[in-house]
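S.K.: Protein chains in written order, with this note's numbering: chain A, 1 to 383; chain B, 1 to 383; chain C, 1 to 383; chain D, 1 to 383.
Heads up, the beta-carbon is just placed ideally off N, CA and C, and yes, glycines get one too.
Keep in mind that this is a model prediction, so the values were computed, not measured.
Number of protein chains: 4
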Amino acid sequence: MNKGRRVAGMLLLVCSLQAAIAQTKPRARDLGVPFEGTPGPLNAITDVKGVEVGHTTLISGSGPLRVGVGPVRTGVTAVLPRGRDNSDPVFAGWFTENGNGEMTGTTWVEESGFLEGPVMITNTHSVGVVRDAVIAWRVKHGQPKESEYWWSLPVVAETWDGWLNDVNGFHVHPEDAFHALESARGGAVAEGNVGGGTGMICYEFKGGIGTASRKLTEKQGGYTVGVLVQCNHGSRDILRIAGVPVGQEISEDPAYPKDRGSIIVVVATDAPLLPHQLKRVARRVTLGLGRNGGIAGNGSGDIFIAFSTANSGAYSYEHSTTPTMMANDQLDAVFQATVEATEEAEVNAMVAAQTMVGINNHRVIALPHEKLREVLRKYHRLR
Amino acid sequence: MNKGRRVAGMLLLVCSLQAAIAQTKPRARDLGVPFEGTPGPLNAITDVKGVEVGHTTLISGSGPLRVGVGPVRTGVTAVLPRGRDNSDPVFAGWFTENGNGEMTGTTWVEESGFLEGPVMITNTHSVGVVRDAVIAWRVKHGQPKESEYWWSLPVVAETWDGWLNDVNGFHVHPEDAFHALESARGGAVAEGNVGGGTGMICYEFKGGIGTASRKLTEKQGGYTVGVLVQCNHGSRDILRIAGVPVGQEISEDPAYPKDRGSIIVVVATDAPLLPHQLKRVARRVTLGLGRNGGIAGNGSGDIFIAFSTANSGAYSYEHSTTPTMMANDQLDAVFQATVEATEEAEVNAMVAAQTMVGINNHRVIALPHEKLREVLRKYHRLR
Amino acid sequence: MNKGRRVAGMLLLVCSLQAAIAQTKPRARDLGVPFEGTPGPLNAITDVKGVEVGHTTLISGSGPLRVGVGPVRTGVTAVLPRGRDNSDPVFAGWFTENGNGEMTGTTWVEESGFLEGPVMITNTHSVGVVRDAVIAWRVKHGQPKESEYWWSLPVVAETWDGWLNDVNGFHVHPEDAFHALESARGGAVAEGNVGGGTGMICYEFKGGIGTASRKLTEKQGGYTVGVLVQCNHGSRDILRIAGVPVGQEISEDPAYPKDRGSIIVVVATDAPLLPHQLKRVARRVTLGLGRNGGIAGNGSGDIFIAFSTANSGAYSYEHSTTPTMMANDQLDAVFQATVEATEEAEVNAMVAAQTMVGINNHRVIALPHEKLREVLRKYHRLR
Amino acid sequence: MNKGRRVAGMLLLVCSLQAAIAQTKPRARDLGVPFEGTPGPLNAITDVKGVEVGHTTLISGSGPLRVGVGPVRTGVTAVLPRGRDNSDPVFAGWFTENGNGEMTGTTWVEESGFLEGPVMITNTHSVGVVRDAVIAWRVKHGQPKESEYWWSLPVVAETWDGWLNDVNGFHVHPEDAFHALESARGGAVAEGNVGGGTGMICYEFKGGIGTASRKLTEKQGGYTVGVLVQCNHGSRDILRIAGVPVGQEISEDPAYPKDRGSIIVVVATDAPLLPHQLKRVARRVTLGLGRNGGIAGNGSGDIFIAFSTANSGAYSYEHSTTPTMMANDQLDAVFQATVEATEEAEVNAMVAAQTMVGINNHRVIALPHEKLREVLRKYHRLR
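1. For the stretch 129-211 of chain C, list the alpha helix (DSSP H) runs that are entirely contained and at least 4 residues long, ordered along the chain.
2. Is it buried or exposed for A/K140, if we count other Cβ within 10 angstroms and need 16 for buried?
3. Relative to the alpha-carbon of A/V90, which residue among A/V51, A/T104, A/R66 has its alpha-carbon at the smallest distance?
4. With C-beta atoms as the reference, is B/L160 less than 8 Å away from B/N232?
5. Give a yes or no on whether the C-beta atoms belonging to B/I365 and B/N165 are separated by under 8 Å.
6. Just tell me which of C/A190, C/S235, C/T122 has its CA closest to the CA of C/G299.
7. Measure from the alpha carbon of C/M326 to the alpha carbon of each residue in C/A177, C/G54, C/V281, then state which is nearest.
8. For C/I303, would you say it is in contact with chain A, using Cβ-to-Cβ distances shorter than 8 Å as the test?
9. Listed in chain order, which residues of the stretch 92-113 of chain C have Cβ atoms closer than 8 Å to some Cβ of chain A?
10. How would you list, in chain order, the residues of chain B whose beta-carbon sits under 9 Å from the beta-carbon of A/Y317?
11. Is there a C-beta anywhere in chain A that falls below 8 Å from the one on D/D132?
12. Going by beta-carbon coordinates alone, are A/E346 and A/L289 separated by less than 8 Å?
13. How far does the alpha helix (DSSP H) with C/N328 in it reach, from first residue to last?
14. Closest to C/L80 by C-alpha separation, out of C/F205, C/S213, C/I201, C/L228, would be which residue?
15. Measuring straight from C-alpha to C-alpha, what distance separates A/G40 and A/I305?
16. What residues are listed by DSSP as bridge partners for D/T57?
17. Report yes or no: is there a C-beta of chain B within less than 8 Å of the C-beta of C/I263?
18. If you pair each beta-carbon of the stretch 105-113 of chain B with each one of the stretch 63-70 of chain B, do three or more pairs fall below 8 Å?
19. Check whether the Cβ atoms of B/P245 and D/G195 sit closer than 8 Å, and answer yes or no.
20. For the stretch 280-296 of chain A, enumerate the residues whose C-beta is nearer than 9 Å to any C-beta of chain C, in chain order.
21. With 8 Å set as the bound, which would you pick, yes or no: does the beta-carbon of C/I115 sit closer than that to a beta-carbon of chain D?
22. If we count Cβ pairs, one from each stretch, closer than 8 Å, do we get three or more for the stretch 307-327 of chain A versus the stretch 313-322 of chain B?
23. Assign C/K279 to one of two classes, buried (16 or more other C-beta atoms within 10 Å of its C-beta) or exposed (fewer than that).
24. Does the separation of the CB atoms of B/G210 and B/N348 fall below 8 Å?
25. How would you list, in chain order, the residues of chain D whose beta-carbon sits under 9 Å from the beta-carbon of B/Y379?
26. What is the residue span of the alpha helix (DSSP H) that A/N348 lies within?
27. How would you label B/Y317, buried or exposed, when you count the other beta carbons within 10 angstroms and need 16 or more for buried?
28. Got a sec: is the Cβ-Cβ distance from A/L181 to anything in chain D below 8 Å?
29. Does A/Q220 come out as helix, strand or coil in the three-state DSSP assignment?
30. Where does B/V285 fall in DSSP's three states?
31. Going by C-alpha distance, which of B/S152, B/G192, B/E249 is nearest B/V76?
32. Using three-state DSSP, classify D/G234 as helix, strand or coil.
33. Report, in whole angstroms, the separation of the C-beta atoms of C/P368 and C/I238, which I expect to be a contact under 8 Å.
34. Listing by chain order, which chain A residues have their CB less than 7 Å from the CB of B/S320?
What follows is the structure in structure tokens.
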């Protein structure tokens with residue numbers, strides 16, 4: 001195990017470098033894909049002040065699958081609503097468009113209205129280890145007093161990377177969750193083959209992590225909506241980008257014949273929304289996925305969570321508090337921003353991801369940038 | 001139709017008198033039934049300040065059923081969260097333990113978090129007329145500006161009174177809904193064979209409207225929780241009162257062999273609860289019904305709505321507002337009050353209701369007070 | 001009132017003629033809009049065998065609004081899963097993407113898994129009258145034995161037509177619901193300004209009723225999925241047709257500045273789906289609306305119901321039955337068909353609808369066909 | 001770690017012996033507590049043919065808490081719907097009365113209608129390790145073909161045992177989950193301080209695992225309903241047993257001042273119910289808990305799952321199947337059985353559990369049997 005850890009360690013280094021150069025890679029907008037709305041400065045979930053993202057990327061081995069050995073193409077992504085401060089829960093709501101997946105902790109999110117820690121994303125068969133690791137990490141940092149009633153119900157989601165990764169080899173360990181938490185930062189977010197998204201496949205192109213944001217006008221409240229996706233769903237032929245039937249135009253090298261994937265979407269905003277309003281926001285994610293052609297196949301876990309960093313201090317054990325609530329009639333701008341940022345984040349994931357070879361030499365190609373531009377041009381949609 | 005109206009008018013007079021003397025009738029506590037917790041001054045939903053209740057009671061005819069003629073044993077009950085002021089919606093949440101019933105308007109309650117008008121209760125086949133009448137009543141009172149975007153999605157619930165009432169005769173008319181709204185008052189609430197509860201049957205005893213309340217201690221916040229039920233469910237043998245198997249002890253004169261009924265429960269409170277917290281409150285109603293032995297039979301529409309009169313002004317079309325939110329960790333007292341008041345309100349309905357003969361000479365007996373006391377004494381539970 | 005009835009009668013005649021010629025009008029495909037998948041012979045919900053649709057269209061008056069007098073631009077649409085046979089309920093499921101609307105009867109659909117009668121669609125303030133009328137219609141036809149336990153919880157949905165119609169004038173009467181039920185037929189379905197869709201507005205073009213269908217391949221099971229929408233939502237700028245930003249390209253004559261509408265969607269299929277599977281189908285409607293650019297604004301009641309005409313005889317009062325259940329893993333074709341047919345049905349509604357002038361001379365333009373073709377051509381999407 | 005394992009091993013031996021003698025201990029009925037309905041031969045969830053239960057009980061150490069060392073009072077319980085056969089999923093449905101807890105895997109249960117493996121119950125902070133262990137156990141047994149698309153979303157629930165157990169010490173290991181799975185058997189079920197229930201507290205008495213069953217009459221279909229609870233909720237004063245206010249009568253030695261617990265309930269039946277019907281069954285559990293006085297406090301995770309062992313073969317990857325569906329109108333007997341068996345299973349848990357001393361010498365007393373009989377006698381309820 002030690003050796004694996006060491007190898008992973010080296011890879012983490014590599015991946016940190018990757019992250020450093022991540023933003024030198026073009027994003028969907030840079031390629032001329034037209035989107036509506038105005039993004040924030042980073043066009044990332046981290047445009048919402050306080051939100052931090054960390055990745056642990058595990059890549060090692062090649063060739064035939066040996067369960068427990070590799071090849072490994074997986075990881076963990078952590079989204080921290082208020083950075084490492086767990087003492088100030090955020091309001092949250094969640095929604096499932098298709099439930100072939102897991103997001104632990106949601107029963108309590110639904111009941112309490114609060115998200116009390118990070119949102120973690122990993123592969124399907126490592127949800128458990130990451131879940132308990134989040135608790136261990138908090139215990140390690142001394143937060144709960146040992147003598148007191150303290151419990152935690154971490155939020156951990158997943159998509160399945162078994163086409164490229166030795167998913168039954170359980171290669172994610174508690175330290176990998178710790179690393180994702182501890183490396184979380186504001187600023188630009190690495191996209192593509194990183195973190196939980198390392199081994200993911202999206203519309204039969206290489207997928208993974210993608211992000212985008214929208215900034216509302218001052219008249220709309222000036223709020224920011226940020227979206228992060230771990231994209232792993234869709235069959236090629238239905239893919240639309242900016243409304244253009246890209247999947248039909250770029251039909252080469254399909255990954256596999258059937259929609260097997262899932263998509264986890266995290267929506268962050270600083271708009272002052274109550275839990276039931278955040279549930280409404282989470283439900284709009286479906287509309288953004290619809291723009292890209294998604295059908296939420298039976299095999300897909302399309303699970304979304306939305307939280308608001310407004311209303312710091314809304315949680316209290318003892319006292320009533322007075323959170324701010326945005327008027328329902330003013331929510332359309334937030335809904336539209338959610339739809340738009342979801343649409344763009346998913347395309348960003350595909351644009352950022354690079355061709356990957358995994359177990360049994362399964363190869364999944366990146367969305368070819370030049371070809372994409374050609375197709376957009378053909379349909380008069382190249383910006 | 002005119003004559004029916006006139007007869008109904010007379011009956012309304014009778015019923016108003018009934019209401020006047022309602023509180024001279026013994027209630028469950030007066031008979032020595034032991035309950036936990038401390039009720040408000042009226043032990044009624046109207047202990048929650050601002051809440052008003054109005055009834056229209058329609059009783060006419062006797063003998064064989066002639067559809068469209070009678071006999072009539074039905075009515076309408078109106079619960080107004082802030083009296084006749086519709087300009088200040090209350091937060092609300094709802095829950096269905098068994099959905100063989102109707103409560104219109106709940107889709108918008110769930111989505112918006114607000115209850116924007118009264119809660120009306122009537123018989124199953126008169127939901128529509130009452131629903132549109134609530135809109136007509138608001139239009140008549142000039143609230144919506146004609147030239148503007150205005151719509152209403154009234155909340156109207158029902159239970160089925162076809163064992164005693166000519167339910168397919170559609171004897172409820174818009175004026176009956178208007179009257180329930182216009183006669184709504186604070187103060188003592190008429191119980192038993194009144195309003196929507198007129199023809200209802202509860203555990204095969206005569207049922208109908210019942211109410212109760214609980215006052216929290218100052219340490220718990222000093223809030224009030226009030227409950228109103230329209231009780232029409234249950235088979236005799238499972239009825240427990242104060243834990244005592246009353247239904248098994250009083251087996252005479254069962255109404256009919258199968259659980260056909262429903263129960264609508266309205267919970268009001270002045271505790272400052274957000275919509276998702278009110279949904280939690282609504283869900284506790286089931287536990288109160290469980291104490292009385294309920295099983296939520298397939299034929300039962302067990303539908304509950306909870307609202308809070310706190311947070312006046314929380315609704316705004318344009319601006320953010322700052323409602324007060326009670327701490328989740330302090331909610332147990334509210335939950336317990338809801339369970340206790342539900343338990344008592346249902347027993348109050350049966351204690352208040354009087355033996356009734358309806359269509360085809362169907363006869364449903366009142367819960368016999370003296371016999372109830374005997375049974376309680378036998379089980380050492382007579383207070 | 002009589003005169004209004006008579007006028008309405010004449011209009012009904014007109015509308016029947018309209019219906020007769022309905023299919024001579026071009027539909028979206030005829031204009032060259034590209035859609036995916038293979039429609040059934042009628043490209044309508046009635047491609048699902050047994051499904052019948054009836055409309056009552058009420059158009060009278062012009063000029064300034066006089067509440068209770070007119071102008072009237074409204075109606076009722078009835079969708080009958082098995083024609084006029086109410087003795088054989090169909091499995092059904094429903095879903096709300098945004099709940100600013102009403103669909104009565106859904107609590108029982110959710111609980112029982114069955115839809116026991118028609119789905120009716122009308123305007124917001126006429127839900128009640130239509131709901132009770134459905135019961136009256138069944139009573140009139142002698143279905144319930146008077147002496148027995150019988151109740152009905154009709155499914156009635158709505159969208160708001162108050163921009164063109166005197167919605168607070170309550171112009172829909174029981175006979176209008178009867179007529180929609182009694183005129184229901186298989187075959188081609190009238191679209192646009194008919195039935196419940198008469199006064200509706202979609203993406204600020206004239207909207208209303210639209211329909212489409214998809215036929216699965218034999219390998220996929222050979223089933224049909226049909227969709228009918230009553231379309232009344234959306235702001236112009238976000239409208240996409242076949243992925244093309246049509247709303248941005250055709251910006252003239254917007255109806256009003258804010259998304260006020262709703263969309264009711266009925267999905268019918270003969271695929272043998274259980275209730276929980278039909279709920280999944282209903283949830284896919286959102287993805288179809290997403291393709292057209294929808295954001296499910298706060299003011300929108302986006303409520304969907306899906307039913308299956310397979311499993312005739314699944315309902316029994318006494319005996320267990322053995323319905324057929326399609327394998328979950330084979331559902332993707334049904335999901336995709338639902339998304340595609342929803343996308344097309346909504347465009348069909350706009351293509352069929354004609355410019356209408358309503359109350360206070362409010363005028364809503366039809367989607368201009370030639371202009372649409374130009375825009376599609378510009379984006380290389382004219383078929 | 002090895003040493004802990006060895007100690008645990010010894011304890012497992014002890015516990016197996018405990019299990020062997022489990023049924024020589026009196027159960028609630030043996031003490032004269034009156035319940036309604038007719039239990040199956042074992043009065044246990046295992047009366048439903050094919051259902052197996054296994055426990056791993058971990059007890060070691062005493063004295064002050066040292067996190068990571070002990071004392072340990074925890075475990076794992078496994079409920080296997082069809083024994084160790086995972087190839088034949090059962091229909092299932094779930095419900096949350098209060099969501100302060102975790103039950104993983106439920107999103108897929110809700111979506112698919114199937115429960116595809118065991119239901120595991122452990123402590124709050126060991127859900128993850130047990131969850132992944134269930135996957136590892138299946139991988140180890142060679143079920144998934146390595147080269148194929150295979151994933152698992154195990155169902156693992158929890159209640160919090162941190163008053164007696166070093167819950168932040170993570171003492172449950174994968175082998176403990178394996179052992180619970182491998183030791184699962186039909187026949188009598190050990191109750192009280194065993195398995196996941198080892199360190200649990202119920203109405204401030206020692207709680208844990210309890211079970212009961214009901215057998216329907218032949219006329220009702222002859223089906224069996226079995227319930228297993230892991231009981232860890234409730235404050236003393238509200239406890240009712242057979243309707244008698246036992247909590248008020250036995251007020252000595254309360255465990256702690258506030259309701260901190262949870263209750264997980266598993267309902268098994270051989271009645272042929274579809275997923276949406278099993279959801280209805282799960283929802284009835286609340287009514288059973290209501291009989292015992294429960295209020296579903298804010299700190300409680302009251303999460304229930306119901307499955308049916310009927311319809312073997314209902315799951316198919318490719319083909320449609322024809323499951324049997326019980327008529328909705330015949331479900332009342334199943335509902336009543338669920339309520340009754342829940343009520344009794346919870347009392348059985350308390351009757352079976354023995355006084356335990358855990359971390360920091362926290363001591364929780366067993367429900368005193370003789371005292372219970374006295375109280376029942378006082379209230380004329382001793383059978």
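M.R.: Answer, in terms of the structure:
1. For secondary structure counted as the alpha helix (DSSP H) over 4 or more consecutive residues, the stretch 129-211 of chain C holds these complete runs in sequence order: 174-182.
2. Locating residue 140 of chain A in the first sequence gives position 140, where the first residue counts as 1. By the 10 Å Cβ count, A/K140 comes out exposed.
3. The residue you call residue 90 of chain A lines up with position 90 of the first sequence. When only C-alpha atoms are compared, the closest one is A/V51.
4. Here residue 160 of chain B is taken as the residue at index 160 of the second sequence, counted from 1. Here residue 232 of chain B is taken as the residue at index 232 of the second sequence, counted from 1. According to the sequence displayed, residue 160 of chain B carries Trp and not Leu. Going by beta carbons, B/W160 and B/N232 fall inside the 8 Å limit.
5. Counting from one through the second sequence, the residue named residue 365 of chain B turns up at place 365. Counting from one through the second sequence, the residue named residue 165 of chain B turns up at place 165. No, the pair does not count as a contact, with Cβ atoms beyond the cut-off.
6. Sequence index remark: in the third sequence, residue 299 of chain C carries index 299 (1-based). The candidate whose alpha carbon is nearest that of C/G299 is C/S235.
7. Within the third sequence, residue 326 of chain C is the residue found at index 326, counting from 1. It is C/V281 whose Cα lies nearest to the Cα of C/M326.
8. For the purposes of this step, residue 303 of chain C is identified with residue 303 of the third sequence, where counting begins at 1. Interface criterion not met: the Cβ of C/I303 is under 8 Å from no Cβ in chain A.
9. Of all residues in the stretch 92-113 of chain C, those with a C-beta nearer than 8 Å to a C-beta of chain A are E97, N98, reading in chain order.
10. Within the first sequence, numbered from 1, the residue matching residue 317 of chain A stands at position 317. For a Cβ distance threshold of 9 Å, residue set A327, N328, D329, Q330 of chain B lies close to A/Y317, ordered along the chain.
11. Numbered from its first residue, the fourth sequence carries residue 132 of chain D at position 132. So, interface residue.
12. Locating residue 346 of chain A in the first sequence gives position 346, counting from the first residue. Locating residue 289 of chain A in the first sequence gives position 289, counting from the first residue. Yes, Cβ-Cβ distance for A/E346 and A/L289 is below 8 Å.
13. Here the question's residue 328 of chain C lines up with position 328 in the third sequence. Premise fails: C/N328 is in no alpha helix (DSSP H) and is neither H nor E.
14. On the third sequence, position 80 is the one that residue 80 of chain C refers to. In terms of Cα proximity to C/L80, the closest of C/F205, C/S213, C/I201, C/L228 is C/L228.
15. Reading the first sequence from its first residue, position 40 is the one you call residue 40 of chain A. Reading the first sequence from its first residue, position 305 is the one you call residue 305 of chain A. Each residue's Cα considered, the two are about 20 Å apart.
16. Taking the fourth sequence and counting its residues from 1, one reaches residue 57 of chain D at position 57. D/T57 has D/G75 as its beta-bridge partners, per DSSP.
17. Here the question's residue 263 of chain C lines up with position 263 in the third sequence. So no, C/I263 is outside the interface.
18. The stretch 105-113 of chain B and the stretch 63-70 of chain B do not touch, with fewer than 3 CB-CB distances between them shorter than 8 Å.
19. The residue labelled residue 245 of chain B in the question sits at position 245 within the second sequence. The residue labelled residue 195 of chain D in the question sits at position 195 within the fourth sequence. Their beta carbons are not under 8 Å apart, which means B/P245 does not touch D/G195 by this criterion.
20. Those would be R280, R283, R284, T286, L287, G288, L289, G290, R291, N292, G293, G294, I295, A296, in chain order.
21. Position 115 of the third sequence, counting from 1, holds the residue named residue 115 of chain C. This sequence places Leu at residue 115 of chain C; Ile is not what is there. No, no contact with chain D.
22. Touching, per the Cβ criterion.
23. Residue numbering aside, residue 279 of chain C sits at position 279 when the third sequence is read from its first letter. With a threshold of 16 other beta carbon atoms within 10 Å, C/K279 meets it and is buried.
24. Taking the first residue of the second sequence as position 1, residue 210 of chain B is located at position 210. Taking the first residue of the second sequence as position 1, residue 348 of chain B is located at position 348. Cβ atoms of B/G210 and B/N348: closer than 8 Å.
25. Position 379 of the second sequence holds residue 379 of chain B. In chain order, G243, V244, Y379, H380, R381 make up the part of chain D whose C-beta sits under 9 Å from the C-beta of B/Y379.
26. Here the question's residue 348 of chain A lines up with position 348 in the first sequence. In the DSSP assignment, A/N348 falls within the alpha helix (DSSP H) that extends over 332-352.
27. Taking the second sequence and counting its residues from 1, one reaches residue 317 of chain B at position 317. Answer is exposed; the Cβ neighbour count stays below 16.
28. Numbered from its first residue, the first sequence carries residue 181 of chain A at position 181. Taking Cβ atoms only, chain D never reaches closer than 8 Å to A/L181, which makes this a no.
29. Translated into the one-based positions of the first sequence, residue 220 of chain A becomes position 220. Look at A/Q220 here: in three-state DSSP terms it is coil, with no helix or strand label.
30. The residue labelled residue 285 of chain B in the question sits at position 285 within the second sequence. Helix at B/V285.
31. Here the question's residue 76 of chain B lines up with position 76 in the second sequence. If we check each option's Cα against that of B/V76, B/G192 comes out closest.
32. Counting from one through the fourth sequence, the residue named residue 234 of chain D turns up at place 234. Looking at D/G234 - three-state DSSP - the assignment turns out to be coil, as it is neither helix nor strand.
33. Position 368 of the third sequence holds residue 368 of chain C. Position 238 of the third sequence holds residue 238 of chain C. Your pair C/P368 and C/I238 does not check out as a contact, with CB atoms roughly 18 Å apart and the cut at 8 Å.
34. For the purposes of this step, residue 320 of chain B is taken as residue 320 along the second sequence, with counting starting at 1. Chain A residues near B/S320: P272, T324, M325, M326, A327.
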